[in-house]
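Going from the sequence shown to the working numbering is simple: count from 1 and add 724.
Remarks on the structure that follows.
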Amino acid sequence: MVLFLADVAISTTWAVLGTIALCAAALVILIALFGPGLRYRISVPSSENNSSDHFAAALEALTDSKLNPSVELTVLTNGPCFYEAELSAIASAQQSVCLEAYIFHKGEIAKRYLDLLTERARAGVNVNVVLDALGSIRVTERYLAEFKAAGGKLAWYNPARWNRLPRYDNRTHRELLIVDGRVGFIGGAGIADQWYQGANGKPRWRDTMVKVVGPAVANLQATFAENWLEGCGDVLIGDAYFPRSEIQPSEPSTPAEPGTVMVVSSSPTSGGSTRARILFQLLMASAKKTIHINTPYFLPDASLTKELERAVRERGVEVKVIVPGRKSDIWLTRTSSRRKYGRLLKAGARIFEYEPAMIHAKVLLIDGLWGVVGSTNCDYRSFGLNDEVNLAARDAGFAQRLADDFARDLANSREITYAEWSHRSIFERAPELFGWVFERQQ
């Protein structure tokens, strides 16, 4: 009888503990899906000019970044262009190659990268690769065995382990390449055939990367070093990664006037704020003439939506947003995004859907002066969950080069009017509720 009662007590205890655990898990999921995000409201004085050194210094302080003068920037449009530039840089490496990717998928272009990285490692170059454990889940250790046997080093970012479960939603979404600490590449493209020649019968994705030569490369290297440390515990230091000699710029394929450049690395704080969000919101709040946005995933929260509405209604700013059309890679995200169009269209913003292919470029242009290229999407994941990195330049030549691409993208896009949006069918509206439930995780 005593043993029976003891067994009942133990069973009851485990049942209670199990119930508590399930309730806790349910609460975490509910907060993740529906918990309120931070409210951002930036009131830029009307006298503040975003072309001034004072504004740039304030932006530098608020994003905890560094202003770099005389940095050489080359805009690389689409995979055949930026992949060849990156592979050429890797082939010339003498000291180090540091590659970070959210997406690294098996295929023709990934093999070219892996073969070259393996060759450089075998030649004695320090080759370090960080891959996100979720975004690059298709890559196996067997696939990378020859690279590692040649001396290449690999770190998986945030793999599935019990002690990482509370942070498992945090991914490195950064796409970086730094060679010899002297030349860097930054943007939003991973390493996969959809950017190279198309995949699964679908056309090649439209995307943008930027080649960087000059002092800002050290900031790109420091961003990589942060995720490398988290992945394997090593701190990168020395001339192989941070050369003491002055960096000598090479001739760019697309000349750009030297200007003020910042590398803004972003990780979510315990309160949910990120430097990427401050960068985007402050630049939008400073706009006097134009806000032009390329983004593959457009899910602005209430604060960002209000910021764009204020820009149109209170300052007469021209707001144009290019998003994917029917060739979007994620149907649910596009559906969720279209639900957001109404308020902005009614305020006077203009939204265009790119038609030829999936558009994955992540570009922000402000007043024909500031240009931002990086890994950040206009969605909650980028602004509140992921590690991101962006290059922000106050450089009219760089901004114009990006504006030329924006104009071509616009010519290949279809404008969505408020009247069309208001009369979309029930079959279009019905999935929007489902998308709203999972909006914060898209």
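Beta carbons: idealized from backbone N, C-alpha and C, even for Gly.
Note that the coordinates shown come from a computational prediction; the quantities given were computed from them, not determined experimentally.
By the DSSP assignment, the beta strand (DSSP E) with residue i in it spans what residues?
i              : result
threonine 801  : 792-801
histidine 1016 : 1014-1018
alanine 825    : 820-825
Just mark residue i as buried or exposed, buried being the case when its beta carbon has 16 or more other beta carbons within 10 Å.
i               : result
histidine 1147  : exposed
aspartate 931   : buried
tyrosine 1078   : buried
serine 1106     : buried
isoleucine 1150 : exposed
glutamine 818   : exposed
proline 976     : Only weak support exists for where proline 976 lies, its pLDDT of 41 falling under 50; the coordinates are left without a value.
leucine 754     : Residue confidence is low: leucine 754 scores 45 on pLDDT, short of 50, so the model does not pin down where it sits. Its coordinate-derived value is still stated next. Exposed.
glutamate 1152  : exposed
valine 959      : exposed
arginine 1037   : exposed
tyrosine 892    : exposed
glycine 1066    : exposed
leucine 900     : buried
lysine 1064     : buried
alanine 750     : Below a pLDDT of 50, predicted positions are generally treated as unreliable, and alanine 750, at 48, falls in that range; the measurement from the model is reported next regardless. Exposed: under 16 other Cβ atoms inside 10 Å.
asparagine 1101 : buried
serine 974      : In this prediction, serine 974 scores a pLDDT of 43, lower than 50, which makes its location untrustworthy; no coordinate-derived value is stated.
aspartate 788   : exposed
tryptophan 919  : buried
Can you tell me whether residue i is helix, strand or coil according to DSSP?
i               : result
tryptophan 880  : strand
tryptophan 929  : coil
lysine 935      : strand
alanine 1042    : Residue identity differs from the one stated: residue 1042 is glutamate in this sequence, not alanine. Three-state DSSP puts glutamate 1042 in a strand.
serine 767      : coil
serine 1099     : coil
serine 860      : coil
glycine 831     : coil
glutamate 1152  : helix
isoleucine 1002 : helix
leucine 960     : coil
leucine 868     : coil
asparagine 924  : coil
arginine 1062   : helix
proline 967     : coil
asparagine 774  : coil
aspartate 1129  : helix
serine 997      : coil
serine 1106     : helix
alanine 940     : coil
Relative to the C-alpha of residue i, which candidate in the options has its C-alpha closest?
i              : options                            : result
lysine 1051    : Ala813, Leu1028, Ser1060, Met1082  : Met1082
glycine 905    : Tyr1078, Phe966, Trp880, Ile1002   : Phe966
proline 939    : Gln921, Gly983, Trp919             : Gly983
lysine 926     : Met933, Glu1144, Asp917            : Asp917
valine 1045    : Phe1076, Tyr1021, Leu1023          : Phe1076
leucine 1068   : Leu1032, Ile1054, Met933           : Leu1032
alanine 834    : Glu810, Val849, Gly996, Gly1095    : Glu810
methionine 933 : Ser997, Arg862, Trp1055, Phe1122   : Phe1122
isoleucine 915 : Gly875, Leu823, Arg891             : Leu823
leucine 1126   : Thr993, Leu797, Pro769, Ala781     : Leu797
arginine 1118  : Trp1094, Ser1061, Leu944, Arg1132  : Trp1094
arginine 1058  : Gly1040, Leu1089, Leu1023, Val1043 : Leu1023
glycine 962    : Gly955, Gln945, Asn951             : Gln945
glycine 955    : Asn852, Gly1049, Ile1015           : Asn852
lysine 1070    : Pro1080, Leu1088, Lys1030          : Lys1030
lysine 935     : Arg844, Arg1063, Leu800            : Leu800
valine 849     : Phe909, Tyr867, Gly875, Ser789     : Gly875
glycine 922    : Gly831, Ser770, Asn1101            : Gly831
alanine 1085   : Asp1129, Arg885, Ile814            : Asp1129
alanine 1110   : Pro883, Arg898, Thr842             : For the sequence presented, residue 1110 should be read as asparagine rather than alanine. Of Pro883, Arg898, Thr842, the residue nearest in Cα terms is Arg898.
glycine 1049   : Ser1060, Met986, Thr1100, Lys877   : Ser1060
Ends of the alpha helix (DSSP H) at residue i?
i              : result
glycine 1066   : 1065-1071
leucine 1089   : Taken as a continuous stretch (DSSP letters only), leucine 1089 belongs to no alpha helix (DSSP H), being part of the beta strand (DSSP E) at 1087-1090.
tyrosine 1142  : 1142-1146
leucine 1023   : Note, leucine 1023: premise wrong, no alpha helix (DSSP H); not H, not E.
tryptophan 919 : 917-920
leucine 889    : It is not in any alpha helix (DSSP H) - leucine 889 carries neither H nor E in the DSSP assignment.
alanine 782    : 777-786
Give the DSSP bridge partners of residue i, in chain order.
i                 : result
tyrosine 1078     : Pro1048, Ser1137
arginine 1118     : Thr984, Trp1094
phenylalanine 909 : Leu901, Lys935
serine 950        : The amino acid occupying residue 950 in the given sequence is glutamate; serine does not appear at that position. In the DSSP output, where bridge partners are listed per residue, glutamate 950 has none listed.
glutamate 1112    : Ser990
isoleucine 1083   : Arg930
threonine 850     : The amino acid at residue 850 is misidentified as threonine; the sequence shows asparagine. Asparagine 850 is bridged to Ser820.
threonine 896     : Asp1111
leucine 855       : Ala825, Trp880
Using a Cβ cut-off of 7 Å (strictly closer), state whether residue i contacts chain B.
i             : result
tyrosine 1065 : In the displayed structure, chain B is absent; only one protein chain is listed.
Within the present structure, is the beta-carbon of residue i separated from the nearest heavy atom of the ligand SAH by less than 6 Å?
i              : result
glutamate 1038 : Of the ligands one can find in the structure shown there are none, so the ligand SAH has no counterpart to examine.
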